[in-house]
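One rule links them: number in our numbering = place in the sequence shown (from 1) + 193.
Structure first, commentary second.
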Amino acid sequence: MAGTSDEEGRAVEMENRSAIIRGRVSPAPEIPAPDPVGEETRGMVDRISKTLWRGHRRRLEGQIAEYAGILLEIEGRLIRMRGRARRTAGDAQARLASAIEQMESDYRKVAEGWQAILKGLDHTITSGREVAREAINRADAVLAEGSTLLTGPANALRRARVEAAALRKGLKVGFRRGRRLAAVASGRRAARAKP
Numbered sequence: 194m195a196g197t198s199d200e201e202g203r204a205v206e207m208e209n210r211s212a213i214i215r216g217r218v219s220p221a222p223e224i225p226a227p228d229p230v231g232e233e234t235r236g237m238v239d240r241i242s243k244t245l246w247r248g249h250r251r252r253l254e255g256q257i258a259e260y261a262g263i264l265l266e267i268e269g270r271l272i273r274m275r276g277r278a279r280r281t282a283g284d285a286q287a288r289l290a291s292a293i294e295q296m297e298s299d300y301r302k303v304a305e306g307w308q309a310i311l312k313g314l315d316h317t318i319t320s321g322r323e324v325a326r327e328a329i330n331r332a333d334a335v336l337a338e339g340s341t342l343l344t345g346p347a348n349a350l351r352r353a354r355v356e357a358a359a360l361r362k363g364l365k366v367g368f369r370r371g372r373r374l375a376a377v378a379s380g381r382r383a384a385r386a387k388p
């Protein structure tokens, strides 16, 4: 049956073609070409988003997973050291207690540094959202006024590149700020720890 329906379909298609050629049936209306400005804008948006996220997301996820693994590793070693300290006695217990205190101090430093990095990342994301909202609002305003204001796709592409560069710069500044906050926090801890 499938073979007959294919053959019937081909026969109908051939009849339609011959009818169009002879002029008995008008051809199907042509589909209008897409708006060139719209196509270029979509392509520009795709390129910008790919540029912004190319590899950054995976790298950031990997770094977060690595940091979480380090914290879990330190926690695991602390638990083992505490268990060993309970089972030992005398001088060995005192040495383990001091090692545990040092390890807990290091863990707090790492965790506080992690918090500072996350705060910096949050600050960066917040400022990036603000820049993106402003860019979207400006684009909406331009589109609302009419397409006559767009002098050309080159200007739109240039503005988008400038805004993308501003977002990348904001991300770098946020990470730098997070590292600075972590360094300041560790310096304060070191000052408190010294008698």
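Where a beta carbon is used, it is the ideal one built from N, C-alpha and C, also for glycine.
A quick note: this is a predicted structure, and the numbers were derived from the prediction, not measured.
Beta-carbon within less than 8 angstroms of residue i's beta-carbon, same chain only, minus the 5 sequence neighbours each way: which residues are those?
i      : result
Ala290 : Ala278
Thr281 : Leu289
Just the C-alpha distance for residue i and residue j, rounded to the nearest angstrom, thanks.
i      : j      : result
Gly255 : His249 : 10 angstroms
Val324 : Arg373 : 23 angstroms
Arg385 : Lys362 : 35 angstroms
Leu314 : Gln308 : 10 angstroms
Ala287 : Val377 : 32 angstroms
Gly276 : Gly262 : 21 angstroms
Ala383 : Glu294 : 14 angstroms
Leu253 : Gly283 : 46 angstroms
Arg425 : Arg251 : No information on residue 425 is available, as it lies outside the stretch 194 to 388 that the chain covers here.
Ala353 : Asp333 : 14 angstroms
Ala358 : Glu338 : 26 angstroms
Asp228 : Pro346 : With a pLDDT of only 48 at Asp228, under the threshold of 50, the placement of this residue in the model should not be trusted; the figure read from the coordinates follows. Going by the C-alpha atoms only, they are around 13 angstroms apart.
Ile267 : Asn348 : 53 angstroms
Ordered along the chain, which non-local residues of its own chain (more than five positions away) have a Cβ less than 7 angstroms from that of residue i?
i      : result
His316 : Gly367 and Arg370
Thr319 : none
As a quick exercise: from the options, pick the residue whose alpha carbon is nearest that of residue i.
i      : options                           : result
Met296 : Asp284, Gly269, Ala353 and Lys312 : Gly269
Leu311 : Glu294, Tyr260 and Glu266         : Tyr260
Ser379 : Ser298, Glu356, Gly276 and Pro346 : Ser298
Arg326 : Ala282, Thr281, Ile267 and Leu360 : Leu360
Return yes when the Cβ of residue j is within less than 8 angstroms of the Cβ of residue i, no when it is not.
i      : j      : result
Leu395 : Tyr300 : Because residue 395 is not part of the residues shown, which for the chain are 194 to 388, the question remains open.
Gly306 : Ala375 : yes
Leu264 : Val303 : yes
Ala258 : Met274 : no
Excluding sequence positions up to five away, which residues of its chain have a Cβ less than 6 angstroms from the Cβ of residue i?
i      : result
Glu356 : Ala328
Leu364 : Thr317
Just checking residue i against the ligand NAP - is the residue's beta carbon closer than 7 angstroms to any of the ligand's heavy atoms?
i      : result
Arg322 : Looking at this structure, you won't find the ligand NAP or any other ligand, since it has none at all.
Review point. In chain order, which continuous runs of the alpha helix (DSSP H) of length 4 or greater are located wholly inside the stretch 267 to 353?
Key: Whole alpha helix (DSSP H) segments, 4+ residues: 284 to 338.
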